[in-house]
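*Asks:*
Number of protein chains: 2
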Amino acid sequence: MTARTPAETVRDIPEATVARLPVYLRALTALAESGITTCSSEDLASAAGVNSAKLRKDLSYLGSYGTRGVGYDVDYLRYQIAREIGVTQDWPVVIVGIGNLGHALANFSGFRSRGFRTVALLDAAPHLHGEEVAGIKVQPFDELETIVRENSVAIGVIATPAVAAQDVADRMVAAGISSILNFAPAVLSVPPGVDVRKVDLSIELQILAYHEQRKAQGEPA
Amino acid sequence: MTARTPAETVRDIPEATVARLPVYLRALTALAESGITTCSSEDLASAAGVNSAKLRKDLSYLGSYGTRGVGYDVDYLRYQIAREIGVTQDWPVVIVGIGNLGHALANFSGFRSRGFRTVALLDAAPHLHGEEVAGIKVQPFDELETIVRENSVAIGVIATPAVAAQDVADRMVAAGISSILNFAPAVLSVPPGVDVRKVDLSIELQILAYHEQRKAQGEPA
DNA sequence: CACAGTTTGTTCTCACGTTCACAAACTCCT
DNA sequence: AGGAGTTTGTGAACGTGAGAACAAACTGTG
Chain A
1 MTARTPAETV
11 RDIPEATVAR
21 LPVYLRALTA
31 LAESGITTCS
41 SEDLASAAGV
51 NSAKLRKDLS
61 YLGSYGTRGV
71 GYDVDYLRYQ
81 IAREIGVTQD
91 WPVVIVGIGN
101 LGHALANFSG
111 FRSRGFRTVA
121 LLDAAPHLHG
131 EEVAGIKVQP
141 FDELETIVRE
151 NSVAIGVIAT
161 PAVAAQDVAD
171 RMVAAGISSI
181 LNFAPAVLSV
191 PPGVDVRKVD
201 LSIELQILAY
211 HEQRKAQGEP
221 A
Chain B
222 MTARTPAETV
232 RDIPEATVAR
242 LPVYLRALTA
252 LAESGITTCS
262 SEDLASAAGV
272 NSAKLRKDLS
282 YLGSYGTRGV
292 GYDVDYLRYQ
302 IAREIGVTQD
312 WPVVIVGIGN
322 LGHALANFSG
332 FRSRGFRTVA
342 LLDAAPHLHG
352 EEVAGIKVQP
362 FDELETIVRE
372 NSVAIGVIAT
382 PAVAAQDVAD
392 RMVAAGISSI
402 LNFAPAVLSV
412 PPGVDVRKVD
422 LSIELQILAY
432 HEQRKAQGEP
442 A
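Protein chains in written order, with the working numbering: chain A, 1 to 221; chain B, 222 to 442.
Following this line, the structure appears as structure tokens:
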């Protein structure tokens with residue numbers, strides 16, 4: 001029994017699956033735009049670049065949205081995945097640090113098109129204040145608390161230099177943000193309940209370099 | 222026996238460990254800059270944001286570079302990790318697609334400082350050709366083959382729109398590039414032996430949104 | 001030199017993720 | 001209606017990764 005929410009058991013979706021759902025969502029959108037209304041797990045898997053068995057297992061965590069012998073309805077599955085991820089609603093986002101990367105992020109169309117809305121661009125440097133980037137005026141970092149409160153912002157993006165990242169994160173958490181996407185090459189420490197995801201360009205290159213070196217080692221000799 | 226390369230057995234480092242080595246490298250550099258010459262696994266682990274047992278296990282794949290009862294020599298360990306990753310040598314890199322993101326990548330100091338050298342910026346759009354970004358002139362995409370050959374480029378970065386990404390990847394592979402860092406929101410298919418790593422901003426946000434939604438669901442009711 | 005204290009390197013166990021293989025369930029054709 | 005063909009959903013086997021726990025090896029002190 002353990003009767004909690006009787007209607008909806010809170011399904012526990014594995015983290016690895018969660019990371020792939022957005023990929024499936026994008027692949028389904030591409031299929032829909034090609035006019036395809038139905039697809040098999042094999043079709044979708046190859047569009048998403050994964051194994052079809054893995055795809056089916058991933059989808060099975062959401063429920064049974066396919067039809068045996070037929071496949072999946074593209075629009076229906078797309079909606080179900082979008083709902084599960086939470087991108088059917090609109091997520092307000094603040095970006096802190098409007099350097100080169102901050103500019104690129106502000107102009108990145110993939111944000112707006114996927115249910116994310118940039119509500120503010122913040123930077124500590126006064127000479128940037130008032131400048132318009134992607135149609136949004138850059139504001140002082142101290143406006144953070146006000147903006148987060150007034151717009152119910154839950155997601156923050158850090159695009160500052162490494163030295164500033166921890167301070168920005170602390171201020172974000174204090175202001176009520178509970179999910180952070182960090183582009184600064186720094187380890188952030190945050191209280192429990194706050195999610196941090198890290199995107200680190202030079203780490204990605206170093207991983208490639210490692211494998212490249214291994215390939216090169218094998219060839220000569 | 223299986224006597225192949227008698228002196229050096231090609232150690233097989235787990236992928237999860239490889240992904241963390243650059244983090245340790247950065248933490249060690251920070252420690253060295255603080256004037257610290259020796260550290261315990263506990264010190265380094267907390268600087269890198271991981272568990273100390275995991276850190277010791279990771280380092281054990283490289284060899285025994287610590288001293289029991291003492292810890293690790295910062296400079297020595299830093300050199301060993303750098304050598305293992307391959308960043309003691311210089312890696313030439315080409316960046317294709319000089320839009321907002323390409324600009325940011327070209328200006329990103331973390332590349333040069335970590336053993337990576339941007340040898341060319343390429344874009345198909347003629348109006349960009351000749352423009353200087355980060356001290357490097359943007360050249361036509363068709364120069365790819367020449368540049369790769371003359372500079373022995375092994376690593377390419379794709380910062381183009383999604384529709385162009387597969388074409389760029391094909392040309393890169395044909396030119397001899399065997400490691401690709403892809404920022405375009407597209408699934409790339411490449412022949413075996415070519416490594417692709419994907420950095421996808423909107424996927425990261427969507428993963429955060431999923432967890433954010435779960436948190437919000439639990440609170441009311 | 002012996003012993004207490006410290007820290008590494010490694011073994012063992014458990015959890016997570018991937019892949020295979022197949023029963024269940026659907027469509028279509030005769 | 002029945003049977004052949006197709007495709008999903010899932011149970012089971014396998015491989016990889018994480019963390020706890022401990023023996024081995026070092027330092028320093030009396």
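Yeah, the Cβ is synthetic: ideal placement off N, Cα and C, and Gly gets one too.
Bear in mind the structure is a predicted one, so any value in this text is a computation, not a measurement.
Considering only the alpha carbon of each residue, which of A251(B), I306(B), T288(B), T238(B) lies closest to Q217(A)?
*Replies:* Taking only the C-alpha atoms, the option nearest Q217(A) is I306(B).
*Asks:* Contact check, V94(A) vs V119(A) under 8 Å by CB: the rounded distance?
*Replies:* The Cβ separation is near 6 Å, so the contact holds.
*Asks:* Quick check: what's the CA-CA separation for G292(B) versus T160(A)?
*Replies:* Using only the alpha carbons, I get a separation of about 33 Å.
*Asks:* Name, please, each residue of chain A whose Cβ falls closer than 9 Å to the Cβ of Y431(B).
*Replies:* In chain order: I13, V18, L21, P22, E84, I85, G86, V87.
*Asks:* Which residues in the same chain as P227(B) place their Cβ atom closer than 7 Å to its Cβ, once the five residues preceding and following it in sequence are excluded?
*Replies:* Residue confidence for P227(B) is low, a pLDDT of 39 falling below 50, so the modelled location carries little weight; the figure read from the coordinates is stated next. Hits under 7 Å: none found.
*Asks:* So what does S179(A) bridge to, in DSSP terms?
*Replies:* S179(A) pairs with I155(A), D195(A).
*Asks:* Hey, is D43(A)'s beta-carbon within less than 7 Å of any beta-carbon in chain B?
*Replies:* So no, D43(A) is outside the interface.
*Asks:* Does the CB of I177(A) have a neighbour CB from chain B at under 7 Å?
*Replies:* Closer than 7 Å: no.
*Asks:* Quick check on D294(B) - is its C-beta less than 7 Å from some C-beta in chain A?
*Replies:* Cβ-Cβ to chain A under 7 Å: no for D294(B).
*Asks:* Quick check: the region 335-354 of chain B against the region 398-411 of chain B, are at least 3 beta-carbon pairs closer than 8 Å?
*Replies:* Counting Cβ pairs under 8 Å, fewer than three are found: no touch.
*Asks:* Using DSSP bridges, identify the partner residues of E132(A).
*Replies:* E132(A) is bridged to K137(A).
*Asks:* So within the region 296-361 of chain B, which uninterrupted alpha helix (DSSP H) runs reach at least 4 residues, ignoring any that extend past its ends?
*Replies:* Here the runs fully enclosed are 321-328, 330-334.
*Asks:* Using only the alpha-carbon positions, how far apart do A47(A) and D200(A) sit?
*Replies:* Each residue's Cα considered, the two are about 26 Å apart.
*Asks:* Got a sec, what are the start and stop residues for the beta strand (DSSP E) G218(A) sits in?
*Replies:* Segment 201-218 is the alpha helix (DSSP H) holding G218(A); no beta strand (DSSP E) there.
*Asks:* Flag G331(B) as yes if its beta-carbon sits less than 7 Å from any beta-carbon of chain A, otherwise no.
*Replies:* Yes - at least one Cβ of chain A is within 7 Å of the one on G331(B).
*Asks:* Beta strand (DSSP E) containing D73(A): first to last residue?
*Replies:* Unbroken beta strand (DSSP E) run through D73(A): 71-73.
*Asks:* In chain B, what lies closer than 8 Å to N100(A) by C-beta?
*Replies:* The answer, in chain order, is H324, A325, N328, F329.
*Asks:* Residues of chain B with CB under 7 Å from P185(A), in chain order?
*Replies:* Near P185(A) (Cβ distances below 7 Å), the residues of chain B are R247, G331.
*Asks:* Please confirm if I424(B) has its CB atom under 7 Å from at least one CB of chain A.
*Replies:* Yes, because at least one Cβ of chain A sits closer than 7 Å to the Cβ of I424(B).
*Asks:* Taking Cβ positions only, does L402(B) come closer than 7 Å to chain A?
*Replies:* So yes, L402(B) belongs to the interface.
*Asks:* Measure the CB-CB distance between Q427(B) and P22(A) and report whether it falls below 7 Å.
*Replies:* Yes, the pair counts as a contact, with Cβ atoms nearer than the cut-off.
*Asks:* Hey, is M1(A)'s beta-carbon within less than 7 Å of any beta-carbon in chain B?
*Replies:* For M1(A), the pLDDT reaches just 36, beneath the cut-off of 50, and the residue's location in the model is therefore unreliable, although a value from the coordinates is still provided. Not an interface residue.
*Asks:* Return the Cβ separation of D90(A) and R117(A) in integer angstroms, given the expectation that the two are a contact with Cβ distance under 8 Å.
*Replies:* Correct: roughly 6 Å between the Cβ atoms.
*Asks:* Based on the DSSP output, what are the partners of T38(A) in its beta bridges?
*Replies:* In DSSP, T38(A) forms a bridge with D73(A).
*Asks:* Taking K215(A) as the query, report the chain B residues whose CB atoms sit under 8 Å from its CB, ordered along the chain.
*Replies:* In chain order: S399, G414.
*Asks:* According to DSSP, is T67(A) helix, strand or coil?
*Replies:* If DSSP states are grouped into helix, strand and coil, T67(A) belongs with the strands.
*Asks:* Using a threshold of 7 Å, state whether the C-beta atoms of L342(B) and V378(B) are closer than that.
*Replies:* Their beta carbons are not under 7 Å apart, which means L342(B) does not touch V378(B) by this criterion.
*Asks:* Using CA atoms only, rank isn't needed, just tell me which of A164(A), R78(A), S52(A) is closest to P185(A).
*Replies:* P185(A) has its Cα closest to that of A164(A), out of A164(A), R78(A), S52(A).
*Asks:* With DSSP collapsed to three states, give me the class of A395(B).
*Replies:* Looking at A395(B) - three-state DSSP - the assignment turns out to be helix.
*Asks:* Does the beta-carbon distance from D123(A) to I98(A) come in below 7 Å?
*Replies:* Closer than 7 Å, so yes.
*Asks:* If you run the structure through DSSP and keep just helix, strand and coil, what is S281(B)?
*Replies:* In this structure, S281(B) counts as helix in the three-state DSSP scheme.
*Asks:* Please report whether the beta-carbon of T230(B) lies at a distance below 7 Å from any beta-carbon of chain A.
*Replies:* Caution applies to T230(B), whose pLDDT of 47 falls short of 50 and renders its modelled position unreliable; the model cannot decide the point.
*Asks:* Pick from S41(A), V138(A), Q213(A), V194(A): whose alpha carbon is nearest that of Q434(B)?
*Replies:* Nearest option by C-alpha distance: V194(A).
*Asks:* Are the beta-carbon atoms of L28(A) and R78(A) separated by less than 7 Å?
*Replies:* For L28(A) and R78(A), yes; Cβs fall inside 7 Å.
*Asks:* For R241(B), count neighbouring C-beta atoms within 10 Å of its own C-beta (all shown protein chains included) and say buried if the count is 16 or more, exposed if not.
*Replies:* R241(B) is buried by the Cβ-count criterion.
*Asks:* Would DSSP call E410(B) helix, strand or coil?
*Replies:* One detail in the question is off: residue 410(B) reads as Ser in this sequence, not Glu. In this structure, S410(B) counts as coil in the three-state DSSP scheme.
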